[in-house]
Every structure is written in C-alpha cells, then in structure tokens.
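Position in the sequence shown counted from 1, then plus 76, gives you the working numbering. By construction, the Cβ of each residue, glycine as well, lies at the ideal position given by its N, Cα and C atoms. Input: a single structure, listed below in structure tokens.
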Amino acid sequence: MKESDIINKLATYPYRIQRYELMIPNVYIANDSEADFFAIRKSGLSDEFEIKVSRSDFLADKKKMVRFRDLRVDEYRGLNFRDQTTHPNKKPKYQALIDGDLPVNYFWYVVTEGVADVSEIPDFAGLIVVPDNGRMVIKRRAVKLRKDKMSYEDRYKIARKSNYRYWRLRDGCVVDDQNP
C-alpha cells in the first residue's frame, strides 16, 4: 500500500469527514515541518498524521529535526549549517511536539502492518495500523500535546498554502506565491 492510498483512506473515512473542517495532505505546518496529513477539527484542535509504509522510513523519523524558531542576526555568524545537532533554532521533532513548538494537538503514526509495534511509538503518539485489507485499526490513542486551539488566522494560512499547492500541481499550472 502506498502513502497516497493511506491519505485517501484517512480523508474519506466518514468519521473523519464529520470530525474535521479541514484535511490537507503534505503541507508545511510550521517553518520546515511537513505533515503527511494534517487535519483541523471543528473545535480548532489539530491532528498530525505521520504515514509510514516502510520500516526504514519509520526508524529514520526518530532522527528528524525541525526548526522551532527563527535565528537572530547575530546567531548566523560562524554557524555550521550541516551540523544539525547543535543548530540553535532546531531540535528533534519529538521534542518540539512535546514542548508545544508545533501547532499540533494530537500526533498519530499511521503505519502499514509490520512497520512498527505499539512499544516503539513515543508515549504521546497514537498508532493506527492499516492491514492489507485496508481497514484502519486504532492500536493506541494520541495524547493531547497542547491545549491551544488554532486561531482562525493560522487556519487560514494553512488553507492558503494548500490552495497554492493545489494550483501549482494541477495541470502543470504555475502560480506565483508572492503575488496571488
């Protein structure tokens, strides 16, 4: 099963259609943090679904670094941009989620059968397994990471990013993001 198949299953499942006001695949939710599938509930809370279809992709995810703030001008001097471990505005994605640096209230892994076990998933993350028959099974529910709801302005920004991306991809059309 491919990632796009799982995204389609997530987006068309009747319960999710009722629960979410906005569901967007492959969108940058903050700085350089891309969500495979991001959904905003009618309540304003958000869920990120990280989709893994291979074991190696799942294991590599543990090393993912994200930018959680912009650098000050004085921090650029002498900075080694290749060394991600000591970068002053980056941290491991797991830590950024726990610290509330990303606009995610609930974080889920969605994996094909055999990719990961519940014991390998971080304590805060939910786990949905998609067996070969395609029926999604929730193995563990996600823990609420933050109480803040997304503002209407932030919801609009993510919807706008999705709109630009759609028109860029549709029929090879090119849209200038700077002059919409």
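- For S109, the enclosing beta strand (DSSP E) starts and ends at S109 to R117.
- Look at A136 here: in three-state DSSP terms it is helix.
- Classified as buried, T188 has 16 or more neighbouring CB atoms from the shown chains inside 10 Å of its CB.
- Counting only the Cα atoms, M141 lies some 32 Å from Y91.
- Excluding sequence positions up to five before and after A115, its CB lies within less than 6 Å of the CB of Y96, M99 and D123, all in the same chain and listed in chain order.
- Going by DSSP, E97 is part of the beta strand (DSSP E) stretching over Y96 to A106.
- A distance below 8 Å between beta-carbons, with the five flanking residues on each side excluded, links W184 to the following residues of its chain, in chain order: D123, E124, F125, E126, A201, G202, L203, I204 and A218.
- The DSSP-derived three-state label of L178 is coil.
- Contact between K215 and V186 does not hold, since their C-beta atoms are separated by about 11 Å, which reaches or exceeds 8 Å.
- Contact between V191 and M77 does not hold, since the beta-carbon distance rounds to 10 Å and is not under 8 Å.
- K166 is a Cβ neighbour of R143, given a cutoff of 8 Å.
- For the pair L178 and S109, the CB atoms are nearer than the 8 Å cut-off.
- Across the structure, A106 and I197 are spaced so that their CA atoms are roughly 23 Å apart.
- It is roughly 33 Å from the alpha-carbon of N209 to the alpha-carbon of W243.
- Counted as a single uninterrupted DSSP element, the stretch harbouring L121 is not any beta strand (DSSP E), since DSSP gives it neither H nor E.
- Look at P90 here: in three-state DSSP terms it is helix.
- In this structure, the CA atom of I174 is about 6 Å from the CA atom of L221.
- The DSSP assignment places 169-175 as complete runs of the alpha helix (DSSP H) inside the region 167-240, in order along the chain (cut-off: 4 residues).
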